[in-house]
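Step one of this worksheet: look at the structure below.
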Amino acid sequence: MPANKLALIRYQAIDQCLQNRYKKWTLDDLVQACSEAVYEYEGIRGGVSKRTVQLDIQNMRSSKFGYEAPIIVLDKKYYTYENPQYSIRNVPVSKHDLQILSEAVGLLKQFKNFGYYEDLGNLVSKLEAKISKKQNEGRSFIDLEKNEQVKGLQWLDVLHKAILQQSVLQVDYKSFKARNTENLNFSPYLLKEYRNRWFLLGSTSKNAVRLLALDRIQDVKEMPAATYIAPTKLDVQTFFDDVIGVTKAVGQQPILITLWADAASTPYLLTKPLHSSQQVTTTNPDGSVQLQIRVVWNFELEREILGFGETMRVISPPLLAKKIRKRTQQMLQQYLQENEPKH
Numbered sequence: 023m024p025a026n027k028l029a030l031i032r033y034q035a036i037d038q039c040l041q042n043r044y045k046k047w048t049l050d051d052l053v054q055a056c057s058e059a060v061y062e063y064e065g066i067r068g069g070v071s072k073r074t075v076q077l078d079i080q081n082m083r084s085s086k087f088g089y090e091a092p093i094i095v096l097d098k099k100y101y102t103y104e105n106p107q108y109s110i111r112n113v114p115v116s117k118h119d120l121q122i123l124s125e126a127v128g129l130l131k132q133f134k135n136f137g138y139y140e141d142l143g144n145l146v147s148k149l150e151a152k153i154s155k156k157q158n159e160g161r162s163f164i165d166l167e168k169n170e171q172v173k174g175l176q177w178l179d180v181l182h183k184a185i186l187q188q189s190v191l192q193v194d195y196k197s198f199k200a201r202n203t204e205n206l207n208f209s210p211y212l213l214k215e216y217r218n219r220w221f222l223l224g225s226t227s228k229n230a231v232r233l234l235a236l237d238r239i240q241d242v243k244e245m246p247a248a249t250y251i252a253p254t255k256l257d258v259q260t261f262f263d264d265v266i267g268v269t270k271a272v273g274q275q276p277i278l279i280t281l282w283a284d285a286a287s288t289p290y291l292l293t294k295p296l297h298s299s300q301q302v303t304t305t306n307p308d309g310s311v312q313l314q315i316r317v318v319w320n321f322e323l324e325r326e327i328l329g330f331g332e333t334m335r336v337i338s339p340p341l342l343a344k345k346i347r348k349r350t351q352q353m354l355q356q357y358l359q360e361n362e363p364k365h
């Protein structure tokens with residue numbers, strides 16, 4: 023396959039030109055066709071250079087991508103296919119490519135219940151039809167984590183489109199703690215998934231950054247006349263970089279956290295770090311380790327630490343250690359207060 027999408031667009035444009043035998047195609051003609059195709063599909067202006075198209079033709083002629091296109095030059099000027107029936111669309115798919123496509127189809131099918139992927143069914147069906155002509159349909163050997171009972175997935179499509187189009191939405195929202203429903207004029211910035219729950223980062227009409235859980239959204243309507251508020255208070259792409267989970271206030275700074283983990287949990291922490299900032303600072307003779315992470319202090323961080331039970335302890339900061347100790351004591355009280363079974 024071509025190295026990138028733009029190259030594929032150019033190859034297809036060249037292919038369409040050379041299949042048309044009623045026109046003589048010069049290099050300038052092919053450059054123009056490629057430029058128009060790139061603008062049509064990607065909105066990129068500026069055109070395509072002659073050198074780029076010449077390299078494209080060279081790649082199409084070679085076996086690098088499996089095309090081996092029979093492109094010839096007539097009268098030292100006009101490009102065409104030596105075989106009038108040739109097209110890069112007719113190039114047979116290799117056994118290796120079929121295996122990769124089969125796995126890709128299996129992965130795509132696992133998103134079938136997401137509202138955002140409403141058109142995916144048709145795409146998957148087409149891929150399966152193409153693949154089944156070449157090989158028997160097999161099982162998928164990759165199973166992504168999913169929860170088909172998660173609520174709020176029906177909003178993914180409309181929210182994603184609003185982000186792309188920078189459209190304002192009227193969102194009827196009621197959090198778990200709220201008594202009444204909020205009616206928000208909301209400028210959406212980013213969709214974020216965490217543990218099978220989806221969240222929407224954006225800004226209200228008062229320019230207050232909010233994170234909305236999709237499963238608490240009751241209704242969404244477009245507001246064409248409203249003015250979209252661009253994200254000026256935060257870098258959307260890096261906002262969650264120093265977060266475990268999704269809870270973070272604008273301007274909240276990460277803190278350095280030192281943890282101790284016993285020998286049993288250490289291999290899991292080394293192969294699946296708590297966070298990308300994780301670093302092991304000390305390895306003890308008994309196999310236990312001290313490690314550090316730099317993240318914001320939030321509920322999800324506490325829950326992650328508590329999830330390791332007795333195999334993990336907070337060393338610093340002292341306030342976090344105190345908070346975890348208090349929560350474990352409260353947990354113990356829940357079990358101590360449990361009624362004895364009646365005989």
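Its first residue numbered 23, the sequence shown is counted upward by one per residue in my numbering.
Cβ atoms here follow ideal geometry from the backbone N, Cα and C, with glycine treated the same way.
Please read all numbers here as calculations on a predicted model, not as lab measurements.
For residue 299, no beta strand (DSSP E) run applies, since DSSP gives it neither H nor E. Taking the C-beta atoms as reference points, residue 210 is found nearer than 7 Å to residue 224.
Just so you know, the alpha carbons of residue 226 and residue 190 end up roughly 9 Å apart. For residue 81, the enclosing alpha helix (DSSP H) covers residues 72-83.
Pairwise C-beta distances place the region 58-65 out of contact with the region 81-97, as fewer than three of them are shorter than 8 Å. When DSSP states are grouped into helix, strand and coil, residue 288 belongs to the helix group. Leaving aside the five residues that flank residue 333 on each side, the residues in its chain whose CB is nearer than 8 Å to its CB run, in chain order, 283, 284, 286, 287. Cβ neighbours of residue 172 within its own chain (closer than 6 Å, five residues either side excluded): 218. It is roughly 21 Å from the alpha-carbon of residue 57 to the alpha-carbon of residue 91. In the DSSP assignment, residue 48 falls outside any alpha helix (DSSP H) and carries neither an H nor an E. In the DSSP assignment, residue 313 falls within the beta strand (DSSP E) that extends over 311-317. Three or more pairs of CB atoms, one per stretch, sit closer than 8 Å, so the region 257-272 contacts the region 320-328. Restricted to the region 185-241, the beta strand (DSSP E) segments that are unbroken, complete and at least 3 residues in length are 191-195, 204-216, 219-226, 231-235, listed in chain order. Contact between the region 254-261 and the region 196-205 is absent: fewer than three C-beta pairs spanning the two stretches fall below 8 Å. Nearest neighbour of residue 113 by Cα position, chosen from 96, 169, 75, 89, turns out to be 89. For residue 357, there is no enclosing beta strand (DSSP E); the enclosing alpha helix (DSSP H) has its first and last residue at 340-358. DSSP, read as helix, strand or coil, puts residue 279 in strand.
Residue 181 carries a helical assignment under DSSP once its states are collapsed to helix, strand and coil. By the CB criterion at 7 Å, residue 249 and residue 337 fall outside the cutoff. Residue range 321-329 is occupied by the alpha helix (DSSP H) that includes residue 323, with no beta strand (DSSP E) assigned at that position. Here residue 238 has 174, 195, 196, 197, 198 as same chain residues with Cβ atoms under 8 Å from its own Cβ, once five neighbours each way along the sequence are excluded. Within the same chain, 267, 268 come within 7 Å of residue 216 by CB-CB distance, once the 5 residues on both sides are set aside. Residue 313 counts as buried, since at least 16 other C-beta atoms from the protein chains shown sit within 10 angstroms of its C-beta. Contact check for residue 98 against residue 48 fails: the beta carbons are separated by 7 Å or more. DSSP places residue 96 within a strand segment (E or B) once states are collapsed to three.
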